[in-house]
Amino acid sequence: MNWYGCWTLYTRETRRFLNVNMQTIVAPALTAIMYLIVFRYAMGDREVPGMDVAYFDFLIPGLVMMAMLQNAFANTSSSIMVGKLMNVQIFLMMAPLSALEVTIAFLAAAVTRAVIVAIVLLLVLAPFTNVHIEHLWMILFYGIAGSIIMGGLGLIGGMWSKTFDDMALLNNFIIMPLTFLSGVFYSVKQLPEVWQTMNHFNPFFYLIDGFRHGFLNVGDTNPSQAIIVVSIATLSTIFACWYLWHTGWKLKE
Amino acid sequence: MSYALEVKQLTKTYRNGKQALQGVDLSVPEGSFFALLGPNGAGKSSLINILADTVKPTSGHVTFLGHDLFRERRWCKQHLGVVPQEIAFDPFFNPRDILKIMSGMFGFKPDLKWIDELLERLELSEHAHKNARQLSGGMRRRLLVAQALVHKPKVVILDEPTAGVDVELRKRLWDFMRELNTNGTTILLTTHYLEEAEELCDHVAIIDQGKRLTSQSMKGLLDSVGSSALVLQYAKPMSQQALLTLAQFSPRIDGDKILLCLKKDHSGKNNFNAVYQTAIQVLGEAKSVRIQNEDLEDVFLRITNEKKT
Ligand SMILES: Nc1ncnc2c1ncn2[C@@H]1O[C@H](COP(=O)(O)OP(=O)(O)OP(=O)(O)O)[C@@H](O)[C@H]1O
Ligand SMILES: [Mg+2]
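Those protein sequences? They're chains Y and H, same order as listed.
Per the numbering used here, residue 901 is the first one in the first sequence, and the count goes up by one each step.
Per the numbering used here, residue 39 is the first one in the second sequence, and the count goes up by one each step.
Quick look at the structure:
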């Protein structure tokens, strides 16, 4: 393994977002705060039906998770896209880096960005809520797994997209609906039966629910089922990234 | 002789069906300064990109410093530096960081002294801390050269490294390349500046339409094929018929002049008399007559044109 090369690529991908931290860290924090202000006034102290939790507290883990997912996706997809447009991907191909090393570096950087954003958000939001950590392992497991999955989808999406329009399409029609409809703003128990069943096929639903479970100690899913689904989704994403990079999909003539 | 590169029957067919390489063989001796020449679209970049692993080969075999290039990519990549023809740069970083990152990706802790020397030799020191976006075209090209050298490769391949670089800097770039070559680095380059190739390179290969036309030492090519040409100038245009009659002397028209190839026999005497007599029989008396020693450019044009007719 070329670990030093992998490390260098990882630092390259983290510097990319640290250099523009206003866009990548401050902006998502601001967005989440605005959401919360709006919901705070709109919902007051209302509780989530069927749960002994204030709706406002219910929202916080979901919003944090959503920010993590979106930032992980943005980190890999934008880097690959810019790399493609500026033709810099050739340097990755010329360097003695295997597909596994490239995958590890990109995904680790995506996770790093997601975790930094999550910590910043939690610190900013802490004073306004009673939410606290109940099960740290759940928060870490679902947070990191979610970031890997989204970082991986960003990598694949970046390879697939020919233009920024393709990327926007992917974002608006697949990524946004999947994250939005997976229970950030509501408990699935509030949904009609059909939707509840459908959501059990959506890995993001397990991610958000599991992550929230780590804070609120209540959840909509069966924990062991969630762990299995999430683990499979994570490993498949890593495998897909490795495989596509290995074959040079859409990158190499 | 040991070879830095031995390319055997390399082919490349692009997805659109274009056959860019049709079974190319090429042997680049270790320590040589090798010119890979060919007109636009000949397949030079396709060949280089396959070596660099940015394009997949269709079939063929390449040995790189005794290692199978397609099987032992990692080892080979560590000893190969490639300057791509297309300008590419990462808009997030400055040249110095780009070089450090490149070195790291090759698995080497950045050698800061070497990086400074590269920046210095390629006249980029002043711009080392500017964002790469602010560099001019020629500066970006030089940065690509620096990137290819940052891990001190044994073999360096440059795809038109001097395109867009001004005369002065081009000279200095060549001096630098020559110095590297003297210190044992094998250098393969493509260029459309044939005088430079003639002056610098000790070996030359010419490819066209995906096929290799010739490959030998520069001196050998200029002596054997190049010899010299008889130049006859006429007032009126020449007929196609006349050209056909003179086909044995590989005629070439250049404005109102016609160039006919002179060959040497084993004693070193050329066949001036025979050619001249035949020519004036066919074309009539010429306005002016002179002998011109062909340089690489003439040889190149003749070899690539012969193939077409
Ligand atoms: N990605 C591609 N898809 C399809 N055809 C291609 C592709 N890249 C190159 N070609 C074709 O392959 C042939 C060889 O191109 P190549 O770039 O190797 O030529 P070259 O010798 O480097 O030319 P130049 O001197 O202009 O750089 C050309 O006909 C070109 O049109
Ligand atoms: Mg080319």
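Virtual Cβ for every residue (Gly too), placed ideally from N, Cα, C.
- Residue-level contact by beta carbon holds for asparagine 987(Y) and chain H, with a gap shorter than 8 Å.
- Closest by C-alpha distance to glutamine 57(H), out of His189(H), Lys249(H) and Thr342(H), is Lys249(H).
- In the three-state reduction of the DSSP assignment, tyrosine 935(Y) falls in the helix class, which pools H, G and I.
- For glutamine 185(H), same chain residues with a beta-carbon under 7 Å away, outside a window of 5 residues either side, are Ile136, Leu137 and Met140 in chain order.
- For arginine 53(H), DSSP assigns no beta-bridge partner whatsoever.
- Cα atoms of glutamate 110(H) and threonine 931(Y): separation of roughly 49 Å, rounded to the nearest angstrom.
- Of the residues assessed, tryptophan 1142(Y) falls on the buried side of the cut-off, its CB having 16 or more other CB atoms within 10 angstroms.
- Around the CB of tryptophan 1037(Y), fewer than 16 other CB atoms lie within 10 Å, so the residue is classed as exposed.
- Taking each of Met981(Y), Ala1068(Y), Ile1004(Y) and Asp957(Y) in turn and checking the Cα distance to leucine 909(Y), the smallest one comes out for Ile1004(Y).
- Listed as beta-bridge partners of lysine 295(H) by DSSP are Gln271(H) and Asp292(H).
- In the assembly as shown, asparagine 1099(Y) is a buried residue. Its beta-carbon has 16 or more other beta-carbons within 10 Å.
- Spatial neighbours of aspartate 945(Y) in its own chain (CB-CB distance under 7 Å, excluding positions within 5 residues in sequence) are listed in chain order as Ala954.
- Between glycine 145(H) and glutamine 116(H) a beta carbon distance of about 7 Å is seen, short of the 8 Å cut, so the two are scored as contacting.
- Excluding five sequence positions before and after lysine 168(H), the CB atoms of its chain that fall closer than 8 Å to its own CB belong to Asn132 and Pro133, given in chain order.
- Inclusion of histidine 241(H) and alanine 73(H) in the CB contact set at 8 Å is warranted, their separation being smaller than that value.
- According to the DSSP secondary-structure assignment, lysine 151(H) is paired through a beta bridge with no residue.
- Within chain Y, the residues placing a beta-carbon under 9 Å from that of valine 120(H) are Ile990 and Met994, ordered along the chain.
- Residues of chain H with a Cβ closer than 7 Å to the Cβ of threonine 908(Y) are, in chain order, Ile139, Gly142 and Met143.
- Cβ contact annotation for threonine 1134(Y) (same chain, cutoff 7 Å, sequence separation greater than five): Ala1045, Ile1048 and Ile1049, in chain order.
- When secondary structure is reduced to three states using DSSP, tyrosine 231(H) falls in the coil class, being assigned neither helix nor strand.
- Rounded to the nearest angstrom, the Cβ distance from asparagine 975(Y) to glutamate 913(Y) is 7 Å, consistent with a contact under 8 Å.
- Under the three-state reduction of DSSP output, histidine 117(H) falls in the coil class, being neither helix nor strand.
- Beta-bridge pairing by DSSP links phenylalanine 1105(Y) to no other residue.
- A contact between stretches requires three or more CB pairs, one per stretch, nearer than 8 Å, and the segment 954 to 971 of chain Y meets this requirement with the segment 931 to 940 of chain Y.
- A residue is called buried when at least 16 other Cβ atoms come within 10 angstroms of its Cβ; glutamine 315(H) does not meet this threshold and is exposed.
- One thing to note: proline 949(Y) has its Cβ no nearer than 8 Å to the Cβ of glutamine 1096(Y).
- In the displayed model, glutamate 947(Y) falls within a strand according to three-state DSSP.
- Contact of aspartate 149(H) with chain Y by beta-carbon distance below 7 Å is absent, the smallest such distance being about 13 Å.
- DSSP places proline 67(H) in the strand class (E or B) of the three-state scheme.
- Exclusion of the five residues before and after valine 93(H) leaves Asn87 as the residues of its chain whose Cβ lies within less than 6 Å of its Cβ.
- Buried is the label assigned to asparagine 902(Y), since at least 16 other Cβ atoms lie within 10 Å of its Cβ.
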